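Line order of the protein sequences matches chains A and B. Following my numbering from start to finish, the first sequence increments by one per residue and tops out at 220. Following my numbering from start to finish, the second sequence increments by one per residue and tops out at 66. Glycine included, each C-beta is placed from N, C-alpha and C at the ideal position. Quick caveat, the model's predicted, so the values are computed rather than measured. Shown next, in structure tokens, is the structure this report addresses.
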Amino acid sequence: MAGIKNPAARRYTLRLFVLMAAYVLLLIFSKWMFRHGYGEGAVAYALAVLPALPIIGVFWAVMRLLVEQNDEYLRMLLVRQCLFATGFALAITTIREWLQNFDMIPPGDGGFGAAFLWFVGLGLGALFNRLTMGDAGWGGGCR
Amino acid sequence: MKNRLKVLRAERDWSQADLAERLEVSRQSINAIETGKYDPSLPLAFRIAALFDMPIESIFSAD
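Listed below in structure tokens is the structure:
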């Protein structure tokens, strides 16, 4: 992380590390609570939602990066990346939904929900930027 | 939009990184502007013009 010169990118990376660590800890905690019979009533809802909070936090971190990135070109690349990710996630979930509507595939998402697809879309968005603009997005070496 | 950024930079013997540092932007930004992949905002164009002490229209022109 010390190699990241861009302050906004450095803050984003730090936030991402913290949120991912929180995700792992909360997931382990929630699973442990359910396994040991504490997941009942209103507590069960709270426990089930706990691991979702750091994932929502990652959305926040990406949006903060958009706000805090003062390099307009890098910000433009990130906007393109986010739009690509949103389009990708919406397209896949819509196709999946209609396949399920006609009973072509079983219900559920197999653990690959909208958030997962959006994060995959971010990666593909970076590839899209690389192919069309020559830059993947915010780089560790940028100011 | 076309620009003379690369020529002006070369005249001063500045690298892309040098220019990026003077403008407080990323080196990628300079490269994208020089190669015509990205048109800078008006505020950045003004900063570029101020750095080279030239009017904007001497640096940037329509295609």
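Contacts of residue i in chain B (Cβ-Cβ under 9 Å)
i: residue 151 (chain A); result: 28, 29, 31, 32
Supposed close pair residue i, residue j - CB separation, criterion 8 Å
i: residue 148 (chain A); j: residue 28 (chain B); result: 5 Å
i: residue 154 (chain A); j: residue 210 (chain A); result: 7 Å
i: residue 214 (chain A); j: residue 206 (chain A); result: 6 Å
Within-9 Å CB hit, residue i to chain D
i: residue 51 (chain B); result: Considering every chain present, this structure includes no chain D. Its protein chains are A and B.
Residue from the options with nearest C-alpha to residue i
i: residue 190 (chain A); options: A:171, A:92, A:105; result: A:171
i: residue 4 (chain B); options: B:49, B:36, B:46; result: B:36
i: residue 159 (chain A); options: A:115, A:202, A:167; result: A:202
Proximal chain B residues relative to residue i, where beta-carbon distance stays under 7 Å
i: residue 211 (chain A); result: 40
i: residue 148 (chain A); result: 28, 29, 32
Distance CB(residue i)-CB(residue j) smaller than 9 Å
i: residue 196 (chain A); j: residue 135 (chain A); result: yes
i: residue 128 (chain A); j: residue 100 (chain A); result: yes
i: residue 111 (chain A); j: residue 124 (chain A); result: yes
i: residue 33 (chain B); j: residue 45 (chain B); result: no
Min CB distance residue i to chain A below 9 Å
i: residue 13 (chain B); result: no
i: residue 59 (chain B); result: no
Amino acids of chain A, ordered along the chain, whose beta-carbon sits closer than 9 Å to that of residue i
i: residue 44 (chain B); result: 149
Contacts of residue i in chain A (Cβ-Cβ under 8 Å)
i: residue 48 (chain B); result: Within 8 Å Cβ-Cβ: nothing; residue 48 (chain B) doesn't reach chain A, min ~11 Å.
i: residue 35 (chain B); result: 150, 210, 211, 212
CB contact check: residue i to chain B, cutoff 9 Å
i: residue 83 (chain A); result: yes
i: residue 218 (chain A); result: Unreliable placement is indicated for residue 218 (chain A), whose pLDDT of 38 sits below 50; the coordinate value is still reported in the next sentence. Yes, residue 218 (chain A) lies at the interface with chain B (some Cβ there is under 9 Å from its Cβ).
Distance cut-off 8 Å: residue i Cβ against heavy atoms of the ligand COA
i: residue 19 (chain B); result: Summarising the ligand content, the structure contains no ligands, and the ligand COA is consequently not present.
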